[in-house]
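There are 2 protein chains.
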Amino acid sequence: MPDGLTYRAAGVDLEAARRAKQAIRALVDATRDQQTLSEMGSFAGLYAVPDGFRQPVLVSSADGVGTKVRVAFLADRHDTIGRDLVNHCVNDILVQGARPLFFLDYLASGKLHEHVVADVVRGVAYGCKDNGCVLLGGETAEMPDSYPAGEYDLAGFIVGIAERNRILSGERIRAGHVLVALASDGLHTNGYSLARRILFDSLELAPSDPFPGAQRTVADVLLDPHRSYLAALWPLVEQGRVRGLAHITGGGLEGNLPRVLPAGLGAWIERSSWEIPPVFRVIADAGKVSDAEMFRVFNMGIGMVAILAIEDVDAVLAALRAAGETAWRVGEVVAGDGVELR
Amino acid sequence: MPDGLTYRAAGVDLEAARRAKQAIRALVDATRDQQTLSEMGSFAGLYAVPDGFRQPVLVSSADGVGTKVRVAFLADRHDTIGRDLVNHCVNDILVQGARPLFFLDYLASGKLHEHVVADVVRGVAYGCKDNGCVLLGGETAEMPDSYPAGEYDLAGFIVGIAERNRILSGERIRAGHVLVALASDGLHTNGYSLARRILFDSLELAPSDPFPGAQRTVADVLLDPHRSYLAALWPLVEQGRVRGLAHITGGGLEGNLPRVLPAGLGAWIERSSWEIPPVFRVIADAGKVSDAEMFRVFNMGIGMVAILAIEDVDAVLAALRAAGETAWRVGEVVAGDGVELR
Numbered sequence: 052m053p054d055g056l057t058y059r060a061a062g063v064d065l066e067a068a069r070r071a072k073q074a075i076r077a078l079v080d081a082t083r084d085q086q087t088l089s090e091m092g093s094f095a096g097l098y099a100v101p102d103g104f105r106q107p108v109l110v111s112s113a114d115g116v117g118t119k120v121r122v123a124f125l126a127d128r129h130d131t132i133g134r135d136l137v138n139h140c141v142n143d144i145l146v147q148g149a150r151p152l153f154f155l156d157y158l159a160s161g162k163l164h165e166h167v168v169a170d171v172v173r174g175v176a177y178g179c180k181d182n183g184c185v186l187l188g189g190e191t192a193e194m195p196d197s198y199p200a201g202e203y204d205l206a207g208f209i210v211g212i213a214e215r216n217r218i219l220s221g222e223r224i225r226a227g228h229v230l231v232a233l234a235s236d237g238l239h240t241n242g243y244s245l246a247r248r249i250l251f252d253s254l255e256l257a258p259s260d261p262f263p264g265a266q267r268t269v270a271d272v273l274l275d276p277h278r279s280y281l282a283a284l285w286p287l288v289e290q291g292r293v294r295g296l297a298h299i300t301g302g303g304l305e306g307n308l309p310r311v312l313p314a315g316l317g318a319w320i321e322r323s324s325w326e327i328p329p330v331f332r333v334i335a336d337a338g339k340v341s342d343a344e345m346f347r348v349f350n351m352g353i354g355m356v357a358i359l360a361i362e363d364v365d366a367v368l369a370a371l372r373a374a375g376e377t378a379w380r381v382g383e384v385v386a387g388d389g390v391e392l393r
Numbered sequence: 052m053p054d055g056l057t058y059r060a061a062g063v064d065l066e067a068a069r070r071a072k073q074a075i076r077a078l079v080d081a082t083r084d085q086q087t088l089s090e091m092g093s094f095a096g097l098y099a100v101p102d103g104f105r106q107p108v109l110v111s112s113a114d115g116v117g118t119k120v121r122v123a124f125l126a127d128r129h130d131t132i133g134r135d136l137v138n139h140c141v142n143d144i145l146v147q148g149a150r151p152l153f154f155l156d157y158l159a160s161g162k163l164h165e166h167v168v169a170d171v172v173r174g175v176a177y178g179c180k181d182n183g184c185v186l187l188g189g190e191t192a193e194m195p196d197s198y199p200a201g202e203y204d205l206a207g208f209i210v211g212i213a214e215r216n217r218i219l220s221g222e223r224i225r226a227g228h229v230l231v232a233l234a235s236d237g238l239h240t241n242g243y244s245l246a247r248r249i250l251f252d253s254l255e256l257a258p259s260d261p262f263p264g265a266q267r268t269v270a271d272v273l274l275d276p277h278r279s280y281l282a283a284l285w286p287l288v289e290q291g292r293v294r295g296l297a298h299i300t301g302g303g304l305e306g307n308l309p310r311v312l313p314a315g316l317g318a319w320i321e322r323s324s325w326e327i328p329p330v331f332r333v334i335a336d337a338g339k340v341s342d343a344e345m346f347r348v349f350n351m352g353i354g355m356v357a358i359l360a361i362e363d364v365d366a367v368l369a370a371l372r373a374a375g376e377t378a379w380r381v382g383e384v385v386a387g388d389g390v391e392l393r
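Residue numbers (this note's numbering), protein chains in the order written: chain X, 52 to 393; chain C, 52 to 393.
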């Protein structure tokens, strides 16, 4: 042991953490709005509850990006993963009928590399800005021994708001309502442990290799950011035209649709109504993954399902397409339970 | 490669995750209050903004427990770390003048061990219950390859509320105000990378060994939960008797006190006003850590500092002691900047 141990020698550099935070200050500040009352660096973030709600309800969710971070490590590209995280969280509160207010991130690494921290938080800040959401705070933790060199984990936490009587609770969903699918952008943030196993281990692809059958690299395809459906869906939610929303994450269509259907209602999904995107077909073929397993693990091309009364379908489809979404009728709500893929 | 890959073979067991969540359901439900509108398992948590505020401000913070988790791994004791996390977050919003509303946790591991998940979340739930805070949601992520067997990371997010004109902003702090220290319970959640290096590597102690000079084991001493000061301080904050609060975390007294002092004000701390607890003395001696470094890294026996007008000191000290705190006059606010230990 040297003369005297310091925290820095033990692996924690408080000064580097401070510098990394300064580097991202302008980005964080750019997400502020009129309700934001605190400065970066205070013990906690302060956010005034917006006026104009009769019975304001806070809608909150915590999430990570799973092992998609490991693709970011392999590709050494760290500025997209933050956007994944924010968009995932935004979608999770959108399905309850809420719009985002603010976001906090937790970034933990073994050794804090200032440029990686800056890239990750840059992605978070851009994601927040895109969704009209304030990056109110966060924690950057340096944890020697807990993460290997160059690795980190990232979690996020969102708070949104909704008028109590406008919450999407499922109570306005009836048998005969129509399911409309909104296309995903690739894998979003689910199924990466299986996808990595197949693409990197079985097919022995490198991140810079062309993705089989595609014009893009493996890294490009796998790092496609999780899509936010806020801009396209929020006007329709506000108009009361959306009866329910299901964010298709871990568990797939069969795992997530039932979470928003009231007791006594199930759904069928028409498999022939869309073409499974190539990324999923490549994974299924190379890994000999059964169809059932693919649908349990991946979104299979559908990132969000909207539940609509039949009289709203045409107008909603037109509005979604005008907003840049790929959207189509994919199935129907029926008496019963569970989700039938047919 | 076997016949067909599954998500489970790739290391992710969605069923085990579901069982782990069921095991903790009753604990989570026990933290619910009248404002809680959502059930466990929904996409997001719903929490009605409490009535009775003229200008309600949300106060939010994200945190982890640092490498204190590694002591939990070594000791194979997982039910205290959640309490650390909640109490840390509660203190961080308390210093802004807020009381907690709800909490969300993020627990990531390589392989989900149901009993470990249950123990960790049990600690979180008890911590929430103790602080009158709802455990509104959370994410339990299984990330093969990202965490070694038996290891995990834990982060938490808190949302509290304060009346806008009652926020502790520092503007009521003046030169001549008195600093009152509240004793910590050991290391709380800071300095564990240095403490582990010295105790486990240099002194080669095992978690079950007696802590040098103490009647308790190394694990017992190091896993002492981070103390929550909410119960003792909240009545005094509500009465307007507290001008400012500083939570003594990473960076120590010198790093944290200035965060709550307005520009143009500094402070002195009287070193002889308290005895440094044995745990810090053992670490300093064994690691030959300089006094200055010890004070930058550890709380050194002070978990919270309250800033009071001189006429409030006696009553506040009496109230804190009646609430079970060890509290004493430790210094004074002065013109200038920085914190002088003298």
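Even glycine gets a Cβ: it sits at the ideal position worked out from N, Cα and C.
Distance between L219/X and G387/X, taken at the CA atoms: about 21 Å. DSSP places D336/C inside the alpha helix (DSSP H), whose first and last residues are 329–338. For A314/X, there is no enclosing alpha helix (DSSP H), as DSSP gives it neither H nor E.
Look at R217/C: its C-beta is not under 8 Å from any C-beta on chain X. Distance check between L152/C and each of T87/C, K162/C, D170/C places T87/C closest, using alpha-carbon atoms only. Proximity of Q147/X to chain C, defined by a Cβ-Cβ separation below 8 Å, is satisfied.
S111/C and E255/X have their C-alpha atoms some 44 Å from each other. Segment contact: the region 124–137 of chain C against the region 273–282 of chain C, three or more CB-CB distances shorter than 8 Å; contact assigned.
Looking at the DSSP output, V108/X bridges to A213/X, A99/C.
In this structure, S235/C sits near G352/C, with a CB-CB distance shorter than 8 Å. Take E222/C, set aside five residues on each side of it, and the residues of its chain with a beta-carbon closer than 7 Å to its own are P313, in chain order. G301/X is not a Cβ neighbour of A206/X, given a cutoff of 8 Å.
Non-local C-beta neighbours of Y243/X in its own chain, meaning closer than 6 Å and more than five positions away in sequence, comprise G117, T118, K119, ordered along the chain. In the three-state scheme derived from DSSP, where H, G and I count as helix and E and B as strand, L296/X is classed as strand.
When the five nearest sequence neighbours on each side are left out, the beta carbons in the same chain lying within less than 6 Å of the beta carbon of Y198/X are those of S160, G161, in order along the chain.
Inter-residue distance for T82/C and A257/X is about 47 Å (C-alpha atoms, whole angstroms). In this chain, the beta strand (DSSP E) harbouring Y157/C covers 150–160.
The three-state reading of DSSP puts G62/X in coil, since its state is none of H, G, I, E or B. Counting only runs of 4+ residues, the alpha helix (DSSP H) found wholly inside the region 255–295 of chain C occupies 269–273, 281–289, in chain order. By alpha-carbon distance to P261/C, the top candidate from V288/C, D342/C, V330/C is V330/C. Take S323/X, set aside five residues on each side of it, and no residue of its chain has a beta-carbon closer than 8 Å to its own. Between V367/C and A357/C, the C-beta spacing is below 8 Å. E326/X sits exposed, since fewer than 16 C-beta atoms from the chains shown fall within 10 Å of its C-beta. Going by DSSP, M355/X is part of the beta strand (DSSP E) stretching over 353–359. Of all residues in the region 141–170 of chain C, the ones placed with a Cβ closer than 8 Å to any Cβ belonging to chain X are D143, I144, V146, Q147, A149, L152, F153, L155, D156, Y157, A159, in chain order. Within the same chain, Cβ atoms closer than 8 Å to the Cβ of P107/C are found at V100, P101, I212, A213, E214, R215, the five residues on either side in sequence being excluded. The Cβ of I249/X sits closer than 8 Å to at least one Cβ of chain C. With a cutoff of 8 Å on beta-carbon distance, L187/C and F154/C are scored as near each other. Sequence-distant Cβ neighbours of D143/X in its own chain, meaning closer than 7 Å and more than five residues away, are S112, D114, H298. In this structure, S253/X keeps its C-beta atom at 8 Å or more from the C-beta atom of A270/X. Under the three-state reduction of DSSP output, V116/X falls in the coil class, being neither helix nor strand. Interface with chain X (8 Å Cβ-Cβ cutoff): L287/C is excluded. Boundaries for R393/X: no beta strand (DSSP E) harbours it, and the DSSP string shows neither H nor E there. Distances from the alpha-carbon of G178/X to those of F346/X, L136/X, T377/X, Q85/X put L136/X closest. For A378/C, the enclosing beta strand (DSSP E) begins and ends at 378–386. Annotation: Cβ neighbours of R310/C in chain X (cutoff 9 Å, chain order): G92, S93, F94.
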